[in-house]
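**Student:**
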Amino acid sequence: MRREIAFLRRGQPVRLSQAAPSLTLLDYLRLEERATGTKEGCAEGDCGACTVVLRRVVGGEVAYQAVNSCILLAGQADGSEVITVEDLADGDRLHPVQQAMVDHHGSQCGFCTPGFVMALFGLYHAPPSASPDRDAVHEWISGNLCRCTGYRPIVDAGLTACTGARSDQFSANEAAARTALAALDDGEDLFVGGDTRFFAAPASIASLASLYLAHPDAVLVGGATDVGLWITKQLRDLPKIIWLGRVRGLDAIEDMDATINFGATVTHEAAWPHLASIDSDLGELMRRFAGRQVRTAGTIGGNIANGSPIGDTPPALIALGATLTLQKGDTVRTLPLEDFFIAYGKQARHQGEFVRAVEVPKLKPNESFRALKLAKRYDQDISAVMAAVKLTVEGRHIAEASIAYGGMAATPKRASATEAALTGLSLDDPTGLDAAVLRLAEDFSPIDDMRASAKYRLAGAQALLAKALAEIGGMSSTETRVFGRRAGDATAA
Amino acid sequence: MRPLPDTNTVNGEATLRVVRRDLPHDSARKHVTGGAAYIDDLREPEGTLHLAIGGAPIARGKLTGLNLTAVRAAPGVVAIITAADIPGTNDVSALGLGDDPLFVDSQISFHGQALFAVAATSRDAARKAALLAKVETETETPNISVEDGLQSGETVLNDYGFVVGDVASALAKSPHRASGTLHIGGQEHFYLEGQIALAIPGEEGDLHIFSSTQHPSEVQHIVAHLLGLPQAAITVEVRRMGGGFGGKESQASAWAAYAALAAHITKHACKMRPDRDADMAMTGKRHDFRVDYDVGFDDSGLILGLDTTLAARCGYSADLSAGVVDRALFHTDNAYYLSDTNILSKRVRTNTVSNTAFRGFGGPQGMMAIERVIDCIAWRLGLDPLDVRMRNYYAPGRDVTPYGQTIEDNVLPELTSQIERSSDYRARRNEITTFNAGSRFLKRGIALVPLKFGISFTAQHLNQGSALVHVYRDGSVHLNHGGTEMGQGLFVKIAQVVAETFGISMPYVKVMATHTAKVPNTSPTAASSGSDINGMAALDAAMAIRNRIAAFAAERYQVDAAHVSFRDDTVIVGNEVIPFPEMVEAAYRARVHLSSTGFYATPKLHWDRDKGHGRPFFYFAYGAACAEVLIDTTTGELRVLRTDLLHDVGRSLNPAIDIGQIEGGFVQGMGWLTGEELVFDDKGRLRTHAPSTYKIPTAFDLPEDFRVALFDNTNREDTIYRSKAVGEPPLMLGIAVFAAIADAIHSLAPGKPVPLNAPATAESILHACSCMVSIR
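Sequence lines, in order, name chains Y and R.
In this text, residue positions in the first sequence follow the numbering used here: the first is 1, and each later residue adds one.
In this text, residue positions in the second sequence follow the numbering used here: the first is 1, and each later residue adds one.
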């Protein structure tokens, strides 16, 4: 067992054996290392000013992961090289991303700039090295807010810098970095602290299971994209933290004939292409799920275990009929995902039990799927309403409907009355379909809050279902959507 | 010596080598490397204490008990500070009105208002301790919305307005009348660097304060007043802000005051940095407005009479509301001549944060009002709104504003026809009509909206700038002026002016932090005035030194001083070319004074507020935007398809910087009117107090097709190199997006007024769509 957190800074190992379990990486950088180039803009992972890049070896490849250091625990940097904005220039020579930001007038007040530079540095090293288009740049900086420039010069800087071959000092020293990172990768359980206060990162499922049995009061951390806020916003003391990011095999993705099985710590970024392969709406949903930094850290298991009524993956996975695998000690059990969410803040997870995996069925040839989301902002916003619709269609008739919503109740929830009303209807029966859509008012009594009124939530939920039905009935998404049109549908507005 | 190409000889202007060039921001390299230091990045003096504020749990009522025992006992706590600890006056109001207490004494005026501060050995210790107070209150019913305030009749300032001609009879005689109400939401500044100050005690009670403020002199004066010290004992310094947008004009002062008071009491350096949520919950925002209007017009859409009242939610205190709401009135004409009009205002008191300056300073709300009126006229008459706009433009003989200033520099007719052509407005209008006829869920809309923005502080005394320039013996130049750098590129522009004056290249000029001991009694960097007043002051200072060097050179080389010129890092004296540093050294040895202050007072201004008459503005900046949008009429979702901006900056000091202001201002204005929604609950708690709930635009929200151009113009007034102010005006280009959304909704029921309120969130758009259909 290892008793200290270890990561690289500028090629040299940093070892933390006394750190508080909930020390964030940003506080480590700014307060302990006094590297103040990285900024705190919001301390909740929504502005990206604190973006740093973790260089890791993932699946044999060197990966450059842009993450929000404000809500990342210092321990989550274990095994990586932490790269900050101060590290990019090669002596007096600016990094290509930095130079492009200067050349394109990409900074005004400059406070968000380190975060943008680091996000674009991630893009600079993103595989494949093919030139990104404007949309790709938008996507890479979707987790970064700028209040001065209006983004255009930043996007131009990204396009300029990230086009062509990579030729910075980091590509040059990748071999050495691999060696240094390999030296940190000991495969040992990590445990820093004592019995009452610790940061632990077990290396195997067995270690995790026994540690959590011994400390069922510990907080399990996937990506800390929510737990981070308990620390920075609620000022909670979290004495016992078990980070799942080093558990071997828990991040496995098994893409089978009829299902895809996601380990609990599969990140949203890693899950994205697999979910997109089920349906293009799932791909769009993952893009909108959060900014890149949050998708890179956050996990599929975390989004489920967290139990939020406005998490974006649960409604989609429920509509698809996903099955959850839970484990406590050596005991493994499964249950339909929808049964996991009991009430607000209450899930069917026993003390000492953890989410191990979720199995997502692929669509059968006679099944159609739509996932649609309403929020105040297209990118990086929490849903006001999230609708997921799976219809089994025989000929032109709806043989079966599986419809789940987020943002409409205290938990992600099926629309049973509406499903029943739709079953047996023809897709060519507009009157019947309209009537069925109205049944959503029986299924849900949403609330008013700062994201939307109850009235809008219900109207929006109905509109999204009507849209899904129209599309499954044959209408092109170019006629039904302002954004996020489906692959294959023509692109003209 | 390689002279730069003479590319700047347009309009017969003398060759300029530094001014008008696309130079990067003075700190660009430091921004991208993390080397630009903001206040939280400075090394803290040993023993620095960190502050946190304990806030009121109710929006209105009496503070009847404050038990701080647990706070005092919390780990790391060194001191607790309340109103009783203030040696001077418990007021941090910008105008000294006494209505902005630093701490609640007995009356609580908004949710989260400061009751006490904790000073502790770490940031987390202070924040955790602040949560432990036991607060007892007697709750009174708060006024939250503008309507609540109107109903209760409470105001922070007296009603004020312009009355021109006889609006009642003009309305009565009008062939057409339309009336309505428009709600315009507020806006959070969301400067990326939150409020912050670090106060360091010196000798005998002196304080050096690092404050992220647009108005260092005001911080200095307020802290002196609070502590009962002479202003000379307080020094305020700010190198840069991570954004301001008006949010650090008056509202940086309180945070500096907390730090200063704590430093004064504890004799330790004290840092006050609220968390983002506390910052958003405790600081003022753009005023939201309710506008009621009644307009009379003829068949051509010409406005014959307009009676309008603007009710502004000012929050609990006056702050800068006098100027903000006045400026709303000054811009309710926007580009249009109003012959008979009442433009009135109410400055409503509510139990919410005290609303404050925000880029445009009320102007945007005034423009929103008149643009809605214009749209209503077009809808009623079935005319293209652009034609109604142009029909009402100021023109010869119709060129006096409701406040009596004659418009002398109007370029909107040319500017509008240029953008009308370049945006292909008419053809796209037709195309959209066809599209909408065949589209069930989705509708498109387009709008072309002009802007005219008055440049000068309407508080006349603020129209002054000061600078301090030193030339050192090696030729390097030290530049100070009264303006602050918040990202807008002021420092590089003024450095360009000074470099141009001395004929030297930019590396010679070192721009220094704004510092009250270098340049005193400064005006806020606000009202878009930064480069106008400080550029002129810096020019004045640099010219004084240049003239002394020229006189010395003329005497030494026995030529006429008129034959001494400064360029390409040299001084050219007759046939002699002397490197600038050599000439400076020679001048020094000849005992020439190489330092000077500079000063500027904007000419031609006069304003009689009581009579509502005068010339409050030195000149106007103009612009126009054409926006096209696509909306989903069943969900209210919005996509901005294309935007063309054409904006007048006179002759730009730095076109790249100006384009940055235009694009950034537009996007900020678009955000204000679309996704940015402030939600207060009925208890007066702000529910949108972080970026997770308050959504400013991201890169994805940019118009897919975004075209920006500078209008070829000069400034008829003698401003710094004939440039025009650019900080605020482009924000109002965002109004075109709002008008385009209304246009799209209008297609659902042509002829009906569109009840769209701002911000046009999906919910607001859907609501307006539903109303259109249900009243059809």
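From the three backbone atoms N, C-alpha and C, an ideal C-beta is built for every residue, glycine too.
Here the structure is a predicted model, which means the values were calculated and not measured.
When you compare the CB positions of R:L171 and R:G296, do they come within less than 8 Å of one another, or not?
**Tutor:** Yes, these two residues count as a Cβ contact at 8 Å.
**Student:** Can you check whether the C-beta of Y:S477 is within less than 8 Å of a C-beta belonging to chain R?
**Tutor:** No, Y:S477 does not count as interfacial toward chain R.
**Student:** Any idea if R:S523 is buried or exposed, counting beta-carbon neighbours within 10 angstroms, 16 or more meaning buried?
**Tutor:** Classification of R:S523: buried, given that the 10 Å Cβ count is 16 or more.
**Student:** DSSP beta-bridge partners for R:C270?
**Tutor:** Paired residues: R:L49, R:A199.
**Student:** In whole angstroms, give me the CA-to-CA distance for R:I407 and R:L415.
**Tutor:** When rounded, the distance between both Cα atoms is 16 Å.
**Student:** Strictly by DSSP, which residues pair up with R:C626?
**Tutor:** DSSP output for R:C626 lists R:L448, R:D644 as bridge partner(s).
**Student:** Quick check on the DSSP output: the beta strand (DSSP E) that includes Y:V53 runs from which residue to which?
**Tutor:** Unbroken beta strand (DSSP E) run through Y:V53: 51-58.
**Student:** Contact criterion: CB-CB distance below 8 Å. Does Y:V497 meet it with respect to chain R?
**Tutor:** Residue 497 of chain Y lies beyond the stretch modelled for chain Y, which goes from 1 to 493, so this question has no answer here.
**Student:** If I measure Cβ to Cβ from R:S354 and keep anything under 6 Å in the same chain, skipping five residues before and after, which residues do I get?
**Tutor:** Only G284, G315, Y316, S317, D319 meet the Cβ criterion.
**Student:** Are the beta-carbon atoms of R:L630 and R:L442 separated by less than 8 Å?
**Tutor:** Yes.
**Student:** Please work out which residues of its chain come closer than 8 Å, Cβ to Cβ, to R:T635, disregarding the five sequence neighbours upstream and downstream, and give them in chain order.
**Tutor:** Closer than 8 Å at Cβ, skipping near neighbours: A762, L766.
**Student:** Listing by chain order, which chain R residues have their CB less than 7 Å from the CB of Y:C47?
**Tutor:** Chain R residues near Y:C47: L192, P691.
**Student:** R:Y425 versus chain Y: which residues are under 9 Å apart at the beta carbon?
**Tutor:** Chain Y residues near R:Y425: none, gap ~17 Å exceeds 9 Å.
**Student:** Please decide whether Y:T94 counts as near chain R, where near means a Cβ-Cβ distance under 8 Å.
**Tutor:** One detail in the question is off: residue 94 of chain Y reads as Leu in this sequence, not Thr. It does: the Cβ of Y:L94 has a partner Cβ on chain R nearer than 8 Å.
**Student:** Cutting at 6 Å between CB atoms, please list the residues of its own chain near R:S747, excluding the five before and the five after it.
**Tutor:** N436, K443.
**Student:** Which same chain residues end up closer than 7 Å to R:A561 when comparing Cβ atoms and leaving out the 5 residues on each side of it in sequence?
**Tutor:** Here the set comprises A550, A551, A554.
**Student:** For the segment 110-123 of chain Y against the segment 346-359 of chain Y, do three or more pairs of beta-carbon atoms, one drawn from each stretch, fall closer than 8 Å, so that the two count as touching?
**Tutor:** Segments in contact, no.
**Student:** Rounding to the nearest angstrom, what Cα-Cα distance links Y:G484 and Y:D281 in this structure?
**Tutor:** The straight-line gap from Cα to Cα measures roughly 8 Å.
**Student:** Where does Y:E61 fall in DSSP's three states?
**Tutor:** DSSP places Y:E61 in strand when its eight states are reduced to three.
**Student:** Within the same chain, show all residues whose beta-carbon is closer than 8 Å to that of Y:I342, passing over the 5 residues directly before and after it, in chain order.
**Tutor:** A348, T411, listed in sequence order.
**Student:** Between the segment 463-497 of chain R and chain Y, which residues of the former have CB atoms less than 8 Å from a CB of the latter, in chain order?
**Tutor:** Those residues of the segment 463-497 of chain R that come within reach of chain Y (Cβ to Cβ, closer than 8 Å) are M486, G487, Q488, G489.
**Student:** Along the chain, where does the alpha helix (DSSP H) containing R:N436 start, and where does it finish?
**Tutor:** Run containing R:N436: 425-437, per the alpha helix (DSSP H) assignment.
**Student:** Compute the distance between the beta-carbons of R:S211 and R:P520, then report whether it is under 8 Å.
**Tutor:** Contact flag unset, no.
**Student:** Would you call Y:T334 buried or exposed, if buried means 16 or more other Cβ atoms sit within 10 Å of its Cβ?
**Tutor:** That one is exposed.
**Student:** Is there at least one Cβ from chain R nearer than 8 Å to Y:T491's Cβ?
**Tutor:** Unreliable positioning characterises Y:T491 in this predicted model, as indicated by a pLDDT of 49, which lies under 50. A coordinate reading is not provided.
**Student:** Quick check on this structure: which residue in R:S152, R:T484, R:Q496, R:I196 has the alpha carbon closest to the alpha carbon of R:T525?
**Tutor:** It is R:T484 whose Cα lies nearest to the Cα of R:T525.
**Student:** Using C-beta distances below 6 Å, list every residue in its chain close to Y:Q462, excluding the 5 sequence neighbours before and after it, in chain order.
**Tutor:** Cβ neighbours of Y:Q462 beyond the five flanking positions: V437, L440.
**Student:** If we call anything under 8 Å between Cβ atoms a contact, is R:V324 one with R:L310?
**Tutor:** No, they are not a contact pair.
**Student:** Three-state secondary structure (DSSP) at R:C769?
**Tutor:** It is helical.
**Student:** Does the Cβ of R:S169 have 16 or more other Cβ atoms within 10 Å, making it buried, or fewer, making it exposed?
**Tutor:** Flag for R:S169 reads exposed.
**Student:** Indicate whether at least one CB of chain Y lies closer than 8 Å to the CB of R:L645.
**Tutor:** Taking Cβ atoms only, chain Y never reaches closer than 8 Å to R:L645, which makes this a no.
**Student:** Have a look at the DSSP bridge pairing and note the partners of R:D608.
**Tutor:** Beta-bridge pairing links R:D608 to R:H613.
**Student:** For Y:K413, which residues does DSSP report across the bridge?
**Tutor:** Answer is Y:Y405, bridged to Y:K413.
**Student:** Over the uninterrupted beta strand (DSSP E) stretch that includes R:S128, give me the two end residues.
**Tutor:** The residue asked about is misnamed: residue 128 of chain R is Lys in this sequence, not Ser. Careful: R:K128 lies outside any beta strand (DSSP E), inside the alpha helix (DSSP H) at 123-130.
**Student:** Considering R:S466, what are the terminal residues of the beta strand (DSSP E) in which it resides?
**Tutor:** That run of the beta strand (DSSP E) goes 464-471.
**Student:** For R:V388 and R:G366, I'd like the C-alpha separation in whole angstroms.
**Tutor:** For R:V388 and R:G366, the distance between alpha carbons rounds to 18 Å.
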